[in-house]
Amino acid sequence: MAAPKVAVVGAGVVGLSTALCVADAFPACSVAVLAQRFAPSTTSDVAAGMLIPHTAPGTPIHVQKQWFKETFTYLFAISNSAEASEAGIHLVSGWQVFKSTPGEELPFWSDIVLGFRTMSEAELQKFPQHRYGQAFTTLKCDCPPYLLWMEKRLKAKGVQMYTRKVENLWELHSEYNIVVNCAGIGAHQLVGDQQLFPVRGQVLKVHAPWVKNFIRDGDGLTYIYPGISSVTLGGTREKESWSLSPDPSTTKDIFGRCCSLEPSLQAAQEMKVQVGLRPSRASVRLQREVWSQGGAKLLVVHNYGHGSGGFSMHRGTAKEAARLVGECIAALQDSSSRAKL
Amino acid sequence: LSRRLWNKETFDYLLGRVGSPEAEDMGLFLVSGYNLFKQPVPDPSWKDIVLGFRHLTRQELELFPGYSYGWFNTALMLEGRSYLPWLTRRLMQRGVKFFHKKIDSFQEVSGAGADVVINCTGVRAGALQPDAALQPGRGQVIKVRAPWVKHFIITHHPESGIYNSPYIIPGSDVTVLGGVNQLGNWSEENSAQDHRAIWESCCRLLPALQKAPIVQEWSGLRPVRPSVRLERETIGHGPTRSEVIHNYGHGGFGITIHWGCAMAVARLFGSILQERQLLGPLRSRI
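In order, the protein sequences belong to chains A and B. The first sequence begins at 553 in my numbering and counts up by one. The second sequence begins at 1060 in my numbering and counts up by one.
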C-alpha cells in the first residue's frame, strides 16, 4: 500500500502541533496542512498564549491534567533551550487575584506550574480590591513566533502548507486518505457542529516593557500578560458573539480595568486591538470517524473545540489526535492487506 | 544593622510608588526572579523586606543544573537611566542649581559660601580626602536585547565573592548580563576576557540567551568599602571650616539602600541646622 496521505485542516496552534505530532510519529506518511488562514491571522495569534488552564465541563479532570502536563513539559524544555526566543516560549511569573475567596483553593494544575502558592498579605496590598490570591510561574507561547516556528519545523520535515478554504472535508477524499480536522471555530460551518460556539474575546496589545509579571483576575475577565514584544490586556468572554470587529467602548473598558490592576499601564504606548473567537465546546472533540460515499472512503480525526484552553492543552490533544491517526493508518493497512487476499 | 534598615526604608518607599502614575517615568517596576546557590544557605536578612520570598522547588531547580538550592522573590527595579533624570527634574522644580564642575577640596565649596557639604562622590571620594577603606570593585556588563527574559537570575559562588558570578537582570529595554567584581581594578575599559567569561557563563545559565543580540558593553567601578561611610565631619577651622556629611561607599548596592541613606543624611543635616540655630540664624551665602 502506498504511504498514507494525511491532510491537517487548520493552521492555528492545534493544527500545527497536530501536524508536527503526526509527522514525527509516522515519518512514512506524507502530511500536508491546509488552512484558510496562517500566522499572523489565526485565532491563536490573538490569544496571549498563557498556560493557565480553564476547566472544561465535559472532559474528566484527570484527562485535562494529563494534557496540560504534557503541554507544559514539552514547552518547558523549549523555553530552557537556545530555541526559546525563536519559538516565542518563555517563563513568566505573576499573580491571580480574587475579589472573594474561590471555592476550590487548589486548581488541578497547581502542581504542574512552578512554585504555586497563596499570596502573602504584603503581596495582596498591591491589589486593594482583592482579598485572596495565588502566585505562580507558568509559560507563555507568543504568537505569531510560536506558530511560525512550528511552520518552519514542519517544512523541514517535508510537510507542505497550502492556503485553501476547505468547504467540506469530503472534497479532500480523492487527494488524501486521512483528514485531521483542526479547524477550530471553523468546524461550526465545516462539519456543522452545533455544540461548538464562539466565545468572543477582545484584547489590546500594548507596548509596556517594564511590566514583567502577569496579573489575572480570578474571574477570568481582566488580565495582563507580558509577552516578548507587547503586553496583552484583556478581555471579554462573550458567548455566541460572532463579531470579529473591535468594539471601541470595549477597548476603553478593558484598558480601564487593566489600569486598576496595574496603574503604570497608563503610560503604555502603541495600542493594537484584536478580536478572536474561542472555539468553545463542553469538551474537545477528539474522535475518529469513517466517511464513505459510493465506494470511496475518508478517514477523519477531529481535534477541535478547545475553547479557552487551546494553548494549555494543545500538545496533549495533538498527541492523542496522532494516536487516532495511527489507528486510521492501521485500519487502512488492514483493509489494504485484506484487499490483496 | 543600619544597612538592613536603609534597605527596608528604600524598598518600602519605592514599593509605595510602584503603583503610582509616575512609576514608568522613574524607571520603577516590580520584577521577580531567582537567587541560586550550590548548597543550602541561611535565609537573607531581607527576606521579609521583599515580596513573596520562598525557597525554590525541586522542579524549579531543574532549570539550573549545577545549582541545588535557591530563593524566589519579587523585588523592585529602579533604572538609573530614567531615575537620575527624574530626580534631576524634581530637584530643578525645587530651585536646586546644578554646576558641572570638578571639585578639588571641601574648602573650595565651603569657601564659595556653602554651610554644609554633602559628599556623595562615590568611588573617587579618596581624591577629596584619602580613605584607605575605599576601593573600586570593577564590574563589566553586557547589555542584550532579550525581551523574552522576564526574571532576574542571580548566582552566588561563595569562593568567588559577591557580584563575581553570573547574573542576568531584565530591564525595560535591555537585559543586563554580568558577574565580575574585581577589587582594586581601576580600569574602565571593557576586557575581552571578562566579556567571554560573562557571555559563556550567562548562556550556560540561561540557554535562551544564545540568540540575543548584544547592544552594548560597559565597565564601571563599584565604590566598595567595608561599610558605607555615612557620618558628619567638621573639616578645618575658622573661616574655612566645613560641615561635611559623608555618604559614599555603597559598593554594589547603592540603589538598594539609597533612599534610607538619603534620609539618614537629611537627619544629620537637620541636626546641623538645629545646632546653628543655637548659635544664631542661618544665613545662606550662596
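Quick reminder that beta carbons are idealized off the backbone N, C-alpha and C, glycines included.
Query	Result
Span of the alpha helix (DSSP H) around A:L813	P800 to L813
Amino acids of chain B, ordered along the chain, whose beta-carbon sits closer than 7 angstroms to that of A:I737	The contacting residues do not exist; A:I737 stays about 29 angstroms from chain B at best.
Contact set between A:L666 and chain B, taken where Cβ atoms lie within less than 7 angstroms	T1116, Q1118 and E1119
C-alpha distance - A:R830 paired with A:G753, whole-angstrom precision	7 angstroms
Below-7 angstroms beta-carbon distance, A:H642 vs any chain B residue	yes
Exposure label - B:P1298; buried when at least 16 CB within 10 Å	exposed
Pair within 7 angstroms by beta-carbon distance, A:H854 and A:R867	no
Opening and closing residue of the beta strand (DSSP E) in which A:P750 lies	F749 to H759
Three-state class that DSSP yields for B:L1060 in the structure shown	coil
CB contact check: B:G1111 to chain A, cutoff 7 angstroms	yes
Pick from B:D1232, B:R1288 and B:S1260 that is closest to B:F1123, judged by C-alpha positions	B:S1260
Separation of A:P659 from A:G861, as counted between CA atoms	14 angstroms
Sequence-distant residues of the same chain with beta carbon closer than 7 angstroms to B:T1069, five excluded per side	T1315, I1316, H1317, W1318 and G1319
Short CB-CB distance (under 7 angstroms) between B:S1104 and chain A	no
Short CB-CB distance (under 7 angstroms) between B:K1202 and chain A	no
First and last residue of the uninterrupted beta strand (DSSP E) at B:Y1093	L1087 to F1096
Partners in chain B for A:Q818, counting only beta-carbon separations shorter than 9 angstroms	P1080 and E1083
Per-residue DSSP class, three states only, for A:Q648	strand
Selected residue, minimal CA-CA separation from B:Q1252, among B:W1065, B:V1200 and B:F1328	B:V1200
Continuous beta strand (DSSP E) assignments of at least 3 residues falling wholly in the stretch 1118-1166 of chain B	1128-1137
From B:I1213, B:L1187 and B:M1151, residue whose alpha carbon lies closest to that of B:K1161	B:L1187
Collapsed DSSP secondary structure at A:M671 in the structure displayed	coil
Interface partners of A:A687 on chain B, CB under 7 angstroms	G1111
Proximity winner among A:R683, A:D597 and A:G710, relative to A:G770 (alpha-carbon distances)	A:R683
Chain B contact residues for A:V763, given Cβ-Cβ distances below 8 angstroms	F1088
Span of the alpha helix (DSSP H), counted from its first residue to its last, around A:C573	V565 to A577
Three-state secondary structure assigned by DSSP to B:R1344	The predicted model places B:R1344 with a pLDDT of 44, which falls under 50 and marks its position as unreliable, so this point remains unresolved.
Inter-residue Cα distance where the pair is A:C581 and A:T594	26 angstroms
Per-residue burial, B:F1158 [other beta carbons within 10 Å of its own, 16 or more giving buried]	exposed
Contact list for A:I604 against chain B, beta-carbon separation under 8 angstroms	Per Cβ cutoff of 8 angstroms: no residues; A:I604 is ~15 angstroms from chain B at best.
Validate contact between the stretch 1139-1147 of chain B and the stretch 702-713 of chain A using beta carbons, cut 8 angstroms, 3 pairs	no
A:L884 - partner residues in DSSP beta bridges	DSSP output for A:L884 lists no bridge partner at all.
Bridge partners - A:I767, DSSP secondary structure assignment	A:W647 and A:I776
Below-7 angstroms beta-carbon distance, A:S596 vs any chain B residue	no
Run of the beta strand (DSSP E) containing A:F628, from where it starts to where it stops	Not the beta strand (DSSP E): A:F628 falls in the alpha helix (DSSP H), residues I613 to S631.
CB of A:A587 within 7 angstroms of CB of A:G562, strictly	yes
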